[in-house]
Amino acid sequence: MSTIVRLVLREIALTLREPFRTSSGCTHQRRILLVEAEGAEGEAGWGECVAEEFPAYSPETVDTAWLALTRWVAPEVLGRRFAGPSEVGPALERAFRGHPMAKAAVEMAAWDLGAREQGISLARLLGGTRERVETGISLGIQATPEALASRAREAVAEGYRRVKVKVAPGEDVAFAQAAREAVGEGFPLSLDANAAYTLDDLGVLQALDALRPAMLEQPFDPDDLTGHARLQEALAAPICLDESITSAARAADAISLGAARVINIKPGRVGGHGAARAIHDLALGRGVPVWCGGMLESGIGRGHNVALASLPGFTLPGDLSPSGRYWQQDVVDPEWEMTDGTLRVPLHRPGIGVEPDRDLIESLTTRRLEIGPG
Ligand code: OSB
Ligand code: MG
Numbered sequence: 067m068s069t070i071v072r073l074v075l076r077e078i079a080l081t082l083r084e085p086f087r088t089s090s091g092c093t094h095q096r097r098i099l100l101v102e103a104e105g106a107e108g109e110a111g112w113g114e115c116v117a118e119e120f121p122a123y124s125p126e127t128v129d130t131a132w133l134a135l136t137r138w139v140a141p142e143v144l145g146r147r148f149a150g151p152s153e154v155g156p157a158l159e160r161a162f163r164g165h166p167m168a169k170a171a172v173e174m175a176a177w178d179l180g181a182r183e184q185g186i187s188l189a190r191l192l193g194g195t196r197e198r199v200e201t202g203i204s205l206g207i208q209a210t211p212e213a214l215a216s217r218a219r220e221a222v223a224e225g226y227r228r229v230k231v232k233v234a235p236g237e238d239v240a241f242a243q244a245a246r247e248a249v250g251e252g253f254p255l256s257l258d259a260n261a262a263y264t265l266d267d268l269g270v271l272q273a274l275d276a277l278r279p280a281m282l283e284q285p286f287d288p289d290d291l292t293g294h295a296r297l298q299e300a301l302a303a304p305i306c307l308d309e310s311i312t313s314a315a316r317a318a319d320a321i322s323l324g325a326a327r328v329i330n331i332k333p334g335r336v337g338g339h340g341a342a343r344a345i346h347d348l349a350l351g352r353g354v355p356v357w358c359g360g361m362l363e364s365g366i367g368r369g370h371n372v373a374l375a376s377l378p379g380f381t382l383p384g385d386l387s388p389s390g391r392y393w394q395q396d397v398v399d400p401e402w403e404m405t406d407g408t409l410r411v412p413l414h415r416p417g418i419g420v421e422p423d424r425d426l427i428e429s430l431t432t433r434r435l436e437i438g439p440g
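Taken in order, the sequence shown gives residues 67 to 440; the numbers are from this note's numbering.
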């Protein structure tokens, strides 16, 4: 990989086609931070920071990531020689603590850049083997169980391979039951609590378990690995951890403790593709299935997720919906399309396999900063 000679940070405003509500808040307008990394040979790689506006899902936000990127990430990578993109993540890890979403945005741009400079797909560079990745939909909390049932029925009819439903205290059993009836007994239905429960809610969690969910995602606080392990003993459904898994070391602990029988990997949450691949390798070795999560990304972040999800251990459908599920118009060309419940991995196109639409991105940009060396 050539030296990164310039970073361009842009914040864009993208409006979701429908508001997305979870136990930790409601998103309609998405503020998305994009990173363009320009290499010495003139090629550009793109990354997307998955931090949200408010620190509910994670302690990072769009604004803290902007700060971390300008103050600490950019000076660490600009003008520096890396033999390849796999060296960028470890260098950032050594440089300063935390801020994995800010680090990931640049790390992932470096992977896209490295792949484009070699003229190969990012999927191939990462070691991906699949030509298609299975698509699941993540449905936000709806006004009523009936409204949720209708969204879930539509999703199955559209071909999604798994339906995930958000739950929150007071909006759980009746909603999950309506979703179960809508999708049918044998269909993979997952429940995601975004850390809204505690062990005091065991009764409710057992009622959810009786609906035979494919998995229960992140019921407890991200720090509470022991609580998750205790809960797992009381449930038939596998517990899947999302927010808790911030690094490969954390994933190893969670698996050893019995706190995670499934792992949701989001490269943007764990510091980038290097860490994501390490978690994948670890989980594969321990027989723990993984799937690729989503953070309501634009088509740029989705390209990264699709490339990662083409690795062999990603055996479960990911939160990898097509562009049209989220946006009126996506910022990439071509947009991501779903066929037969799958997204095609662009194995024969360079990098993430889609081109950022610069004119559209420009028109959506609310702030922009170019950072050069020194
Ligand atoms: O918990 O998986 C989550 C979106 C934002 C933040 C957290 C989560 C989600 C989703 C949406 O579930 C997944 C998607 O991008 O389709
Ligand atoms: Mg989740």
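Idealized CB from N, CA, C, for every residue including glycine.
Pairing Ala-302 with Gln-284 gives a Cβ-Cβ distance that is not under 8 angstroms.
Taking the C-beta atoms as reference points, Ile-321 is found no nearer than 8 angstroms to Ile-331. DSSP places Gln-95 within a strand segment (E or B) once states are collapsed to three. Boundaries of the alpha helix (DSSP H) harbouring Lys-169: 166-184, taken from the DSSP string. Shown here for Val-71: same chain residues with a beta carbon closer than 8 angstroms to its own, the five before and five after excluded, namely Glu-104, Gly-105, Ala-106, Leu-144, Gly-145, Gly-438 and Pro-439 in chain order. Membership of Thr-81 in the beta strand (DSSP E) is indicated by the continuous run 70-88. Look at Glu-309 here: in three-state DSSP terms it is coil, with no helix or strand label. Fewer than three beta-carbon pairs drawn from the stretch 104-124 and the stretch 191-202 are found closer than 8 angstroms, and the two stretches are therefore not classed as touching. Counted as a single uninterrupted DSSP element, the beta strand (DSSP E) harbouring Asp-258 occupies residues 255-258. His-94 sits exposed, since fewer than 16 C-beta atoms from the chains shown fall within 10 Å of its C-beta.
Taking Pro-166 as the centre and dropping the five residues before and after it, the same chain places the C-beta of Thr-312, Arg-335, Val-336 and Gly-337 closer than 7 angstroms to its C-beta, in chain order.
The Cβ neighbour count for Asp-385, taken over all protein chains shown within 10 Å, is at least 16; the residue is labelled buried. Relative to the non-hydrogen atoms of ligand 2, the Cβ of Gly-359 comes within a distance shorter than 7 angstroms of at least one. Collapsing the DSSP output to three states places Ala-117 in coil. Straight through space, the alpha carbons of Leu-297 and Pro-416 are spaced by roughly 44 angstroms.
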